[in-house]
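Colleague: Before we start, here is the structure in question, set down as structure tokens.
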Amino acid sequence: MTSTQSNNLPLWVQDRDQVIAESSDAQWRYQTPPDYTRSKENLAQESTQNHLEGTLEAIVQNLVRTFEMEVSFKTNPQQWLSVVNDKFRVSTNGGVEYTAADVSAQGTYNLFMADSEHYKASEENFESSAKIFQSTFPQGFPWEVLEVYSGPPNVTFKWRHWGHFQGAYKDHAPTGETVEIIGMSIARVTDDLKIVSLEHYFDNTLFLDKLTAGGKQVLGEHQSNACPFSSWFKGFKKS
9 MTSTQSNNLP LWVQDRDQVI AESSDAQWRY QTPPDYTRSK ENLAQESTQN HLEGTLEAIV
69 QNLVRTFEME VSFKTNPQQW LSVVNDKFRV STNGGVEYTA ADVSAQGTYN LFMADSEHYK
129 ASEENFESSA KIFQSTFPQG FPWEVLEVYS GPPNVTFKWR HWGHFQGAYK DHAPTGETVE
189 IIGMSIARVT DDLKIVSLEH YFDNTLFLDK LTAGGKQVLG EHQSNACPFS SWFKGFKKS
């Protein structure tokens, strides 16, 4: 598919920057639109895939990146272009289904991670959870589609999330390891490619085990509070 043909696709499955450029009336969480310049540099250097524009893989990747951008930065779910707002539901590992309003209010980490030994979602809010993972992954936490197994209306795909563990995770020392999560998702979409539901499947325990592998830091040991993490906070560039 040529670039011209790709531009005839719905806005929400085009490049994320184009969605931002055409969201002039959006209510932004941090008052200004997000800047993805650094994220794009990271993706260019570290992505394992290079999906051609207009392919099913590129379309799915654009759709999910648009969705994650809107969740993170558009405070009014009614302005999310990527979902059917009144029908939208999202779940992780067969758990509770959440609405767009739930995700907007609590953040994806809190709804997807839930309570466990090393992460207490019930004790965090949108901002605090964002800050935790900003500090943990100061160079960002990019995301990419690896493979797409089925097309619309039930899109099944495999994905990769990764980041360099260079900042403390709560009171656990960074290991410098590249932490990688491989997961599967099923997106049910409309004829015009808006998301009706998302089901994510990945190993939460494995992820958190890697973030606590360095052991607890000694009291008084220097801990980074840097906030250039590229996914969830003002001033950083999301994957």
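Numbering (the working numbering), first residue to last: 9 to 247.
Ideal Cβ placement from N, Cα and C applies to all residues, glycine included.
The structure presented is a predicted model; accordingly, all values stated were derived computationally and were not measured.
1) Select from Gln142, Ile189 and Gln147 the residue whose C-alpha is nearest the C-alpha of tyrosine 177.
2) Just to confirm my understanding: we take tryptophan 167, look at its own chain, exclude 5 residues before and 5 after, and list those with CB closer than 8 Å. What are they?
3) Let me know if tyrosine 117 comes out buried or exposed under the rule of 16 or more other beta-carbons within 10 Å of its beta-carbon.
4) Give the secondary structure of tyrosine 117 by DSSP, where H, G and I count as helix, E and B as strand, and everything else as coil.
5) Based on DSSP bridge pairs, tell me the residues matched to glutamate 207.
6) With 16 as the cutoff for other CB atoms within 10 Å, does valine 68 come out buried or exposed?
7) Assuming tryptophan 20 and lysine 82 make a contact with CB atoms under 8 Å, what is their CB distance in whole Å?
8) Once DSSP output is grouped into helix, strand and coil, what is the label at phenylalanine 141?
9) For the pair the region 86–97 and the region 204–214, tell me if three or more CB-CB distances fall below 8 Å.
10) Can you look up glutamate 61 in the DSSP assignment and give me helix, strand or coil?
11) Helix, strand or coil for aspartate 25? Go by DSSP, reduced to three states.
12) Spatial neighbours of valine 187 within its chain, please: CB distance less than 6 Å, with the 5 preceding and 5 following residues excluded, ordered by chain position.
13) Could you pull out every residue in the same chain whose Cβ sits closer than 7 Å to the Cβ of valine 79, ignoring the five residues on either side in sequence?
14) Does any CB atom of chain D fall closer than 9 Å to the CB of histidine 208?
15) Taking its Cβ as the centre, do 16 or more other Cβ atoms sit within 10 Å of threonine 144, making it buried, or is it exposed?
16) Mind checking who threonine 186 pairs with in its DSSP beta bridge?
17) Bridge partners for lysine 82 per DSSP, in chain order?
18) CB-CB under 6 Å to phenylalanine 210, same chain, minus the five flanking residues each way: which ones, in chain order?
19) CB of serine 112 to nearest heavy atom of the ligand NAD: below 8 Å?
20) Does glutamate 155 come out as helix, strand or coil in the three-state DSSP assignment?
21) Taking DSSP as the reference, what is the three-state secondary structure of phenylalanine 134?
22) What three-state label does DSSP hand leucine 19 in the structure shown?
23) Grouping DSSP H, G and I as helix and E and B as strand, with all else coil, what is valine 226?
24) Should valine 104 and proline 160 be called a contact, given that it needs their Cβ atoms to be closer than 9 Å?
25) Taking only the alpha-carbon atoms, compute the straight-line gap between valine 27 and threonine 74 and give it to the nearest angstrom.
Modeller: Working from what's here:
1) Here residue 177 is taken as the residue at index 169 of the sequence shown, counted from 1. Tyrosine 177 has its Cα closest to that of Gln142, out of Gln142, Ile189 and Gln147.
2) As a first step, residue 167 must be located in the sequence shown, where it is residue number 159. Cβ within range, chain order: Val72, Trp151, Glu152, Val153, Leu154, Ile190, Gly191, Met192 and Ser193.
3) Stepping through the sequence shown from its first residue, residue 117 is reached at position 109. Its Cβ being crowded by 16 or more others within 10 Å, tyrosine 117 is buried.
4) Translated into positions along the sequence shown, residue 117 becomes position 109. Here tyrosine 117 sits in helix by DSSP.
5) Reading the sequence shown from its first residue, position 199 is the one you call residue 207. Beta-bridge pairing links glutamate 207 to Ser99 and Ile194.
6) On the sequence shown, position 60 is the one that residue 68 refers to. So valine 68 counts as buried.
7) Along the sequence shown, read from residue 1 onward, the residue named residue 20 stands at position 12. Along the sequence shown, read from residue 1 onward, the residue named residue 82 stands at position 74. Incorrect: roughly 12 Å between the Cβ atoms, too far for contact.
8) Looking up residue 141 in the sequence shown gives position 133. Phenylalanine 141 carries a helical assignment under DSSP once its states are collapsed to helix, strand and coil.
9) They touch, by the three-pair rule.
10) As a working note, residue 61 is residue 53 in the sequence shown. Coil, per DSSP.
11) Walking along the sequence shown from the start, residue 25 turns up at place 17. Here aspartate 25 sits in helix by DSSP.
12) Here residue 187 refers to the residue found at position 179 of the sequence shown. So the list reads Gly171, Phe173 and Lys218, once near-sequence residues are dropped.
13) Position 71 of the sequence shown holds residue 79. Hits under 7 Å: Val111, Ser112 and Thr116.
14) No chain D is part of this structure, which consists of one protein chain only.
15) Start at 1 with the first residue of the sequence shown, and residue 144 comes out as number 136. Looking at its Cβ environment, which holds 16 or more other Cβ atoms inside 10 Å, threonine 144 is buried.
16) What you label residue 186 is simply residue 178 of the sequence shown in a count that begins at 1. DSSP output for threonine 186 lists His172 as bridge partner(s).
17) If you number the sequence shown from 1, residue 82 lands on position 74. Partner(s): Trp36.
18) In the sequence shown, the residue the question calls residue 210 occupies position 202. Once the five neighbours on either side are set aside, the close Cβ partners of phenylalanine 210 are Ile189 and Gly191.
19) Ligands are entirely absent from the displayed structure, and the ligand NAD is therefore not among its contents.
20) Translated into the one-based positions of the sequence shown, residue 155 becomes position 147. Glutamate 155 falls in the strand class under three-state DSSP.
21) On the sequence shown, residue 134 is found 126 positions in, with the first residue counted as 1. Helix.
22) Taking the sequence shown and counting its residues from 1, one reaches residue 19 at position 11. Here leucine 19 sits in helix by DSSP.
23) By one-based count along the sequence shown, residue 226 stands at place 218. Three-state result, valine 226: coil.
24) In the sequence shown, residue 104 corresponds to position 96, counting from 1. In the sequence shown, residue 160 corresponds to position 152, counting from 1. Not a contact, by the Cβ cut-off of 9 Å.
25) Numbered from its first residue, the sequence shown carries residue 27 at position 19. Numbered from its first residue, the sequence shown carries residue 74 at position 66. Looking at the two C-alpha atoms, the distance is approximately 7 Å.
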